[in-house]
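In full-length UniProt numbering, the protein residues as written are 1 to 218.
What follows is a single structure, written as structure tokens, with notes after it.
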């Protein structure tokens, strides 16, 4: 059974230009919601109505813009599951995630928000000190997806409006997202059953509550 999870998304880039909570913290909140939310049983769905409770939050703000640059939070989910996360635009972290359970752990290395690998390590015995050999699961990026040869203007003679190349890590994986949207539109659906509009709103509520508590704790 899943009991807790932690996730970190910190980068030394952009401090003061915007909110770290909104820029990278949103990925952390979504990950925790995904792995710790109640499942499909009637009992768990009933528990889900209680929502997620922010038990702790603190932040550091930029001295000039007053945008948060570093935020940490502790969240309580139904059935006593807990999640912690840290986000920042002022320092770096490994930007990974770990899910902890009664039978071991699942590690999602960088970049946890669009991973191509996860590592499962089973732990058992007295004090959970019997570790099995980690099992690595690889998920390939789609083949044949490449940045167009014309990239951002970099020299004299280039013109504005050219198609940019890939900017972020594992951008090829957005192909899967585009394919899902295409499939749902063709099926007449207005949202993904895997990530509903209500779940999206739940994440915004979590972020809002973290912001409120971190401000109160300044």
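C-beta: ideal position from N, C-alpha, C; glycine also.
Item, Value
"May I have a chain-ordered list of the alpha helix (DSSP H) segments no shorter than 4 residues that lie completely inside the UniProt domain \"GFO/IDH/MocA-like oxidoreductase\" (18 to 107)?", "26 to 36, 42 to 48"
"Can you find the residues in the same chain that come closer than 6 Å, C-beta to C-beta, to residue 142, ignoring five residues on each side of it along the sequence?", "172, 175"
"In or out: residue 113 buried (at least 16 other Cβ within 10 Å) or exposed?", "buried"
"Taking the beta strand (DSSP E) that residue 120 belongs to, which residues open and close that run?", "117 to 124"
"Could you tell me the alpha carbon to alpha carbon distance between residue 125 and residue 104, rounded to whole angstroms?", "11 Å"
"Could you round the C-beta distance between residue 6 and residue 98 to whole angstroms and report it? I think they count as a contact, below 8 Å.", "6 Å"
"Looking at C-alpha atoms only, which residue of 139, 140, 121 is the closest neighbour of residue 132?", "121"
"Considering only residues of the same chain and omitting the five flanking positions on each side of residue 90, which have a CB-CB separation below 6 Å?", "15, 69, 70"
"Report the three-state DSSP secondary structure of residue 140 (helix, strand or coil).", "coil"
"Alpha carbons only, please: which of 92, 102, 100 is nearest the one belonging to residue 110?", "92"
"Using only the alpha-carbon positions, how far apart do residue 31 and residue 17 sit?", "24 Å"
"In its own chain, which residues sit with a C-beta less than 8 Å from the C-beta of residue 26, not counting the 5 before and 5 after it?", "203, 207"
"Where does residue 135 sit, in a helix, a strand or coil, going by DSSP?", "strand"
"Assuming the contact rule is C-beta atoms closer than 8 Å, residue 73 and residue 54 should be a hit. Round their C-beta distance to whole Å, please.", "6 Å"
"Just the C-alpha distance for residue 63 and residue 210, rounded to the nearest angstrom, thanks.", "20 Å"
"Considering residue 128, what are the terminal residues of the beta strand (DSSP E) in which it resides?", "Where residue 128 is concerned, there is no enclosing beta strand (DSSP E), given that its DSSP letter is neither H nor E."
"By the three-class DSSP mapping on this structure, what secondary structure does residue 169 have?", "coil"
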